[in-house]
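For the sequence shown, the residue numbers in mature numbering (1 follows the signal peptide of the UniProt record, and there is no 0) are -19 to -1, 1 to 448. Comments concern the structure below.
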Amino acid sequence: MKLHLLFLVLASVLGLALAGVHQIRLSKVDSKRQRLMKQGKFQGFRRPEDEMRLVRKFSGSKGNGKPGIYTQAVNDYFDLEYVGNVTIGTPPQTFAVALDTGSSNLWIPDSTCDENQACDSDCGQDRTFCDYMCDDYCCEDDCDDCYDGNDDDEPPAFQANGTQSAIHKRGVEREEGSSCDSKNKFNSSLSTTYKNDSRSFKIDYGLGFADGFLGNDTVRFGDGDNPLVVVNQTFAQATTISKVFANDAIDGILGLAFTQLSVDDVVPPLINAINQSLLDEPIFTVYLETEGINAVGTPGGVFTYGGLDTENCGSVRGYVNLSSDSYYQFPIQGVNVNESYSKKENWDAISDTGTSLIYGPTKVVKRIAKAVGAKEDNNGDYIIRCKHKYPPVTFTIADQQYNLTKQVLTMDVGMAGGNCLFAMGGIDLEGYNITWSWLLGDPFIRQFCNVHDIGNLRMGFAPANGI
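Here it is, written out as structure tokens:
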């Protein structure tokens, strides 16, 4: 008994993970998308962000404790963003991160983030990309003192005397601050378990970029009393981040995909946890709720590490073997909308919690949209009446049919006139280093819990409770 009590005391002091199921609840924060919707700008914003995100993200970017099952709650920000907490260091420093199954690195802002602002190389090549992704000084028009990112130049936002200067963009004078101003930043000097890593780091996403360097410390999934603790974890400390992250409800990103996808071949935290035998099983389950337009910071779902989520998900309907060693990619056999439209073809699909819609071949998505009564607008979005009823869109995967209903495909994003967004988009990715045709994002995962069976290299799908 004394030895047992001593172990519990040591586990509490050292942050050791004990077996069990734990709910991690998060605080409420506003997201960038909330403000865009309130301003009526969301519809025009989503299209360029998502298209660039898909191409850039998927075209080639590369502790002690007993085994157990760990659950991490995530919050729903207008059905388009899911955020969980991690802590890093000893004592723990807490960060809100996007839980992304389409990438593999963990990064958070460093305490020095944006002391020296710089422009990503893509900022000067594409004006649309620059407007959405880069700091304003990288996208100047007719500006004599615009910063081009060269080491010899001083960015106009921070002059030699340390004061901020006015930035002129399209005739509007404004003060330019740091993209890291509102972020929680990691201070390595405050952690007794931190180790230096001499490597630099750079990662590109469709939704932005992060530059910095690598470090090593203890990482905890969740910030409650009994998190999953992963020691000797290499992660990235960002010194510059894209402005697209500036108003997001996240500090950084926690990638949950495979090591083969990882920048600098860093072993991802979840894979590291499996290697350290911290989980009952080498799997994790994703359950996402849908709370609608007013879901600011509400509990939005649960990530369960080490087992199935039997509380929020039904029995697994079927499994399909992965066809990639980098992404959660698998073959699908076809899609149909009752008798109105049917297309059988051997495509590959990818599961990605970091994407807000379902994407597929443009011609096929157009036919699906027509079959359900959605109409394409000038931005390429599909609009449907919020109250309109239609049959499910069915995907066939490993001879099993998975029906997606109006509840997950009709998204109320604050449009006028009783209109909603149909949660599918068309995109053709031929010519890029991409081997899949369909991206099954958050709407699919809301309907069917995704079981990522890393040990057997397969995906399982279980109906989400309450849908």
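The C-beta atom is built at its ideal place from N, Cα and C for all residues, glycine as well. Just so it is clear, the structure is predicted and the values come from calculations on it, not from any experiment.
- The straight-line gap separating the alpha-carbon atoms of Asn317 and Ile365 is approximately 18 angstroms.
- In the structure shown, Arg298 falls within a coil segment according to DSSP collapsed to helix, strand and coil.
- A straight line joining the alpha-carbon of Val200 with that of Gly354 spans about 47 angstroms.
- Taking C-beta atoms as the reference points, Gly412 and Tyr340 fail to come closer than 7 angstroms.
- It is roughly 15 angstroms from the alpha-carbon of Thr285 to the alpha-carbon of Met440.
- Across the set Arg180, Asp409, Phe429 and Cys119, the C-alpha of Phe429 shows the shortest separation from the C-alpha of Asn293.
- Taking all protein chains shown into account, Glu320 has fewer than 16 neighbouring C-beta atoms within 10 Å of its C-beta and is therefore exposed.
- Excluding the 5 residues flanking it on each side, Ala443 has same chain C-beta neighbours closer than 7 angstroms at Cys294, Gly295, Ser296, Val297, Arg298, Phe429, Cys430 and Val432, in chain order.
- A residue is called buried once 16 or more other Cβ atoms fall within 10 Å of its Cβ, and Ser258, having fewer, is exposed.
- Distance from the CA of Ser85 to the CA of Tyr186, rounded to the nearest whole angstrom, comes to 12 angstroms.
- Just so you know, the alpha carbons of Asp198 and Asn359 end up roughly 48 angstroms apart.
- Counting only runs of 4+ residues, the alpha helix (DSSP H) found wholly inside the segment 351 to 411 occupies 387 to 390, in chain order.
- For Leu195, the enclosing beta strand (DSSP E) stretches over residues Gly189 to Phe202.
- Per DSSP, the continuous alpha helix (DSSP H) segment holding Gln428 begins and ends at Asp423 to Gln428.
- Ranked by how close their Cα comes to the Cα of Val301, the residues Ala227, Ile313 and Tyr308 have Ile313 in first place.
- Scanning Trp417, Pro48 and Phe403 for the CA closest to the CA of Cys367 turns up Phe403.
- Close CB contacts of Trp328 within its chain, under the 6 angstroms cut and outside five residues either way in sequence, are with Ile313, Ser418 and Trp419 (chain order).
- In the same chain as Pro208, and ignoring 5 residues on each side of it, the C-beta atoms closer than 6 angstroms to its own belong to Arg201 and Phe202, in chain order.
- Looking at Ser307, Thr334, Ser160 and Ser181, the one whose alpha-carbon comes closest to that of Gly281 is Thr334.
- Where Ala217 is concerned, the enclosing beta strand (DSSP E) starts and stops at Leu209 to Ile222.
- The beta-bridge partner set that DSSP reports for Gly441 consists of Tyr300 and Val432.
- If you draw a straight line from the Cα of Ala254 to the Cα of Val247, it is about 13 angstroms long.
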